[in-house]
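J.: For the sequence shown, the positions run 306 to 608 when this note's numbering is used. Beta carbons: idealized from backbone N, C-alpha and C, even for Gly. For reference, the structure I am asking about is given below.
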Amino acid sequence: LALLGILASISNLQAQEKKYYIPKKGDWAIGVTFNPASISSGIAIQPKSGDFAGEYISSLALNPKQMFIMSKDPLAAVRIKYQTSQKSALRATIGINGSVVNYNEYVRDDLSYSLDPNTQNKVVDRATSAYNSVSIMLGGEYKFGERAVRFVWGWDVIYSIAGGKLNYSYGNQMTEYNRVPTTMPLMGTIQDGGVNDFMAVNGITYARPVESYNQGYIHGIGFSVDMGLECFVAEYLSLGLALNFTPVMFTFQPQTWTVYEGFNSNSGSVMEFNSLVSPGSNAVLYGTENIGCRISLNYYFGK
306 LALLGILASI SNLQAQEKKY YIPKKGDWAI GVTFNPASIS SGIAIQPKSG
356 DFAGEYISSL ALNPKQMFIM SKDPLAAVRI KYQTSQKSAL RATIGINGSV
406 VNYNEYVRDD LSYSLDPNTQ NKVVDRATSA YNSVSIMLGG EYKFGERAVR
456 FVWGWDVIYS IAGGKLNYSY GNQMTEYNRV PTTMPLMGTI QDGGVNDFMA
506 VNGITYARPV ESYNQGYIHG IGFSVDMGLE CFVAEYLSLG LALNFTPVMF
556 TFQPQTWTVY EGFNSNSGSV MEFNSLVSPG SNAVLYGTEN IGCRISLNYY
606 FGK
């Protein structure tokens, strides 16, 4: 129904003989873009409304494999255009998304408990997830026509980055005398529904994560093209509707890892050690199925 409404408006505008704004060299525009096709491939870097923070963090920690960026437009983005002539323009588009979630939970104070088993003293454990994504597109577009509705086609080089890490801090210190400190349930083993995927190594039977870079930051570089219509609804204001697709995208994931702390019975001390998860991966995404529909609202600043 919305598309039919847009087409009807376009037909009405085409029927008018009023002359609309024609860009000139040196003019520029600012606008916003929306691509509903991107919703289906969104990266879960923000908790959904009403999500329990611990469950959200747990779901990230339990997925240590690739988090590929699909070569889609950002769902919403800001775009700036600079006219190099009446019919051509350079454009830059940026979309940002992310979250920082601090999850805190009370646990028993082990030191107080060792002195008085009836103590009610507690300390705080914390898990922090910091995940974000940025998509930058640089390219050009070309217009044809001088009436209300004009044909537009364009191209963009895309650079995308998405990912982040998890940090953990604990209220109870790990010591020679407290080798398995009380920690929040979120730090339980994966088998018990927690996030701790530690497996015993020489001299260390128990360890807990301090920092996880399991997802890493995925980098993507690709090329996108689009084609559609730009409809001027006022002298300097236009609505755009264009189909776009990304025929090729290269993605790279760097080395990923988790840092643990544990008591080493061989050395007789608490130590931190790095457990590698992945040496790094890459992918080439290509084809014509990666299609979207860009809807844009633009305001031109003419001379």
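1) Could you check which residue in V406, A382, G476 has the C-alpha nearest to that of A435?
2) Please identify the residue among V553, Y604, Y605, G567 whose C-alpha is closest to the C-alpha of T593.
3) For I600, which of helix, strand or coil comes out of DSSP?
4) With DSSP as the reference, identify every bridge partner of N579, one or two as the case may be.
5) Shorter than 7 Å, the distance from the beta carbon of G607 to the closest heavy atom of the ligand SAM, or not?
6) Here's a check: name, in chain order, each residue in its chain whose Cβ is nearer than 6 Å to the Cβ of V530, leaving out the five neighbours to either side.
7) Would you tell me roughly how many angstroms separate the C-alpha atoms of T494 and M532, rounded to the nearest one?
8) May I ask you to report which of helix, strand or coil DSSP gives S363?
9) Report the partner residues of T622 according to the DSSP bridge assignment.
10) With burial defined as no fewer than 16 other Cβ atoms inside 10 Å of the residue's Cβ, what is the status of F568: buried or exposed?
11) Is it true that the CB of V575 sits closer than 8 Å to the CB of M479?
12) Excluding the 5 residues flanking I385 on each side, which residues of the same chain have their C-beta closer than 6 Å to its C-beta?
13) Just curious, the beta strand (DSSP E) that T338 is in, first and last residue?
14) Measure how close the beta-carbons of C536 and A467 come, nearest whole angstrom, since I'm counting them as under 8 Å.
15) Taking the beta strand (DSSP E) that V412 falls in, what are its first and last residues?
16) Helix, strand or coil for A381 per DSSP?
17) Please report the straight-line C-alpha distance between Y511 and G573, rounded to a whole angstrom.
18) Where does the unbroken beta strand (DSSP E) through Y473 begin, and where does it stop?
19) Under 8 Å by Cβ, that's how I've got T433 and L471 pegged, so tell me the actual separation to the nearest angstrom.
20) What distance in whole Å lies between the Cβ atoms of A394 and Q388, which are believed to be in contact at a cut-off of 8 Å?
21) Could you say which of V506, S601, S440, Y604 lies nearest to I256 if we only look at CA atoms?
T.: The relevant details are as follows:
1) V406
2) V553
3) strand
4) V564
5) With respect to the ligand SAM, the structure shown offers nothing to examine, as it has no ligands at all.
6) W460
7) 51 Å
8) Helix at S363.
9) Residue numbering for the chain in the displayed model covers 306 to 608; residue 622 lies beyond these limits and cannot be assessed.
10) buried
11) yes
12) Closer than 6 Å at the Cβ level, and outside the excluded window around I385, lie I335, A397.
13) DSSP places T338 in the uninterrupted beta strand (DSSP E) bounded by 333-339.
14) So it is not a contact: roughly 33 Å between Cβ atoms.
15) Per DSSP, the unbroken beta strand (DSSP E) holding V412 starts and ends at 393-413.
16) strand
17) 14 Å
18) 454-474
19) 7 Å
20) Approximately 5 Å separates the beta-carbon atoms of Q388 and A394; this is inside 8 Å, confirming the contact.
21) There is no way to answer for residue 256, as the model of the chain reaches only from 306 to 608.
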